[in-house]
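A.B. asks: Numbering (our numbering), first residue to last: 9 to 277. The beta-carbon is built from N, C-alpha and C at its ideal position, and this holds for glycine as well. I am attaching a structure below and will ask some questions about it afterwards.
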């Protein structure tokens, strides 16, 4: 590999201001259309949920945003502390809800799943979704998702887990752009630059699981998934291997079902 800089997908100052205003208007509109009274957000201490919370407060006011911090037995204590720090910095109501008892009940019902890292990890994510919707339904609220364009493109989310939301405020932004927006909103530098993790099992990091860093992933998606640049040219421009490009293309194809509502047969009549 050469010393080529990562593909720069950041916005100009004018574009960033427009994106920020556009997303805030989107959040306001989503709540108005649903006749919802507040936004409910799962806070992980990562840059995506932090950015979503900041945008929601700017759009709706702190009194209309409710954060849920939902640690499990594999959750990093520092991440949970960061999640609470975000809520306290923004002045929003938040609750800390342990998911261990819920997941334990599931494993008591299906003990053969114990030790299945992916199945149990997804059960943790789906437990959080149930809690988010329980609170949102009770409070006439809307669940704001925290997923971004990069992760959606490769299916890097749990179906009916962190993918189970009412809207995706960050859904058009690459990870690089989310970090840029987070910094512009005034989020703490350590949160903006933190190593991303889904927290589904101990020691898990996004980039290790995906197999490449987010700057490279952003570039490959922008060029060959969202764009029409051939794989070989994408590898050269993104300063990566053709194997990495094909890996991303495979992830995109295999996760197509995650980006659509469940299919039904075509109507015969």
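With a cut-off of 8 Å, do at least 3 Cβ pairs link the region 217–228 to the region 146–166?
C.D. replies: The region 217–228 is in contact with the region 146–166.
A.B. asks: Below 8 Å, how does it come out for the region 197–204 and the region 224–242: are there three or more Cβ pairs, yes or no?
C.D. replies: Contact between the region 197–204 and the region 224–242 is absent, because fewer than three Cβ pairs lie under 8 Å.
A.B. asks: Residue 64 and residue 73: beta carbons closer than 8 Å?
C.D. replies: A contact, by the Cβ cut-off of 8 Å.
A.B. asks: What are the residues that DSSP puts in a beta bridge with residue 28?
C.D. replies: Paired residue(s): none; residue 28 is not in a bridge.
A.B. asks: Taking DSSP's pairing of strands, which residues face residue 49 in a bridge?
C.D. replies: 75.
A.B. asks: Anyone know if the C-beta pair for residue 61 and residue 77 falls short of 8 Å?
C.D. replies: No, the pair does not count as a contact, with Cβ atoms beyond the cut-off.
A.B. asks: Determine the contact status of residue 67 and residue 99, defining contact as a CB-CB distance below 8 Å.
C.D. replies: No; because the gap between Cβ atoms is not below 8 Å, this pair is not in contact.
A.B. asks: Between residue 228 and residue 248, is the Cβ-Cβ spacing less than 8 Å?
C.D. replies: Yes; because the gap between Cβ atoms is below 8 Å, this pair is in contact.
A.B. asks: By alpha-carbon positions, which one of 79, 94 and 180 ends up nearest to residue 133?
C.D. replies: The shortest Cα separation from residue 133 among 79, 94 and 180 belongs to 79.
A.B. asks: Along the chain, where does the alpha helix (DSSP H) that runs through residue 143 open and close?
C.D. replies: Element bounds for residue 143: 125–146.
A.B. asks: Counting only runs that start and end within the region 187–246, where is the alpha helix (DSSP H) found for 4 or more residues in a row?
C.D. replies: The qualifying runs are 197–200, 214–218, 222–228 and 239–245.
A.B. asks: Give the DSSP-derived three-state secondary structure of residue 37 in the structure shown.
C.D. replies: Helix, per DSSP.
A.B. asks: Quick one: residues in its chain with C-beta nearer than 7 Å to the C-beta of residue 140, no 5 flanking neighbours on either side, listed in chain order?
C.D. replies: Contacts found: 48, 50, 76 and 151.
A.B. asks: Which stretch, first to last residue, makes up the beta strand (DSSP E) that contains residue 150?
C.D. replies: Where residue 150 is concerned, the enclosing beta strand (DSSP E) stretches over 149–151.
A.B. asks: Which residues does DSSP pair with residue 103 in a beta bridge?
C.D. replies: Beta-bridge pairing links residue 103 to 76.
A.B. asks: Thinking residue 44 and residue 149 are a contact (beta carbons under 8 Å), I'd like their distance in whole angstroms, please.
C.D. replies: So it is a contact: roughly 6 Å between Cβ atoms.
A.B. asks: In whole angstroms, what is the alpha-carbon distance linking residue 113 and residue 170?
C.D. replies: Answer to the nearest angstrom: the Cα atoms are 20 Å apart.
A.B. asks: Could you give the distance in angstroms between the alpha-carbon of residue 107 and the alpha-carbon of residue 116?
C.D. replies: Roughly 14 Å separates the two Cα atoms.
A.B. asks: Would you mind working out which of 255, 46, 38 and 269 sits nearest residue 146, comparing C-alpha positions?
C.D. replies: Nearest of 255, 46, 38 and 269 to residue 146, Cα basis: 46.
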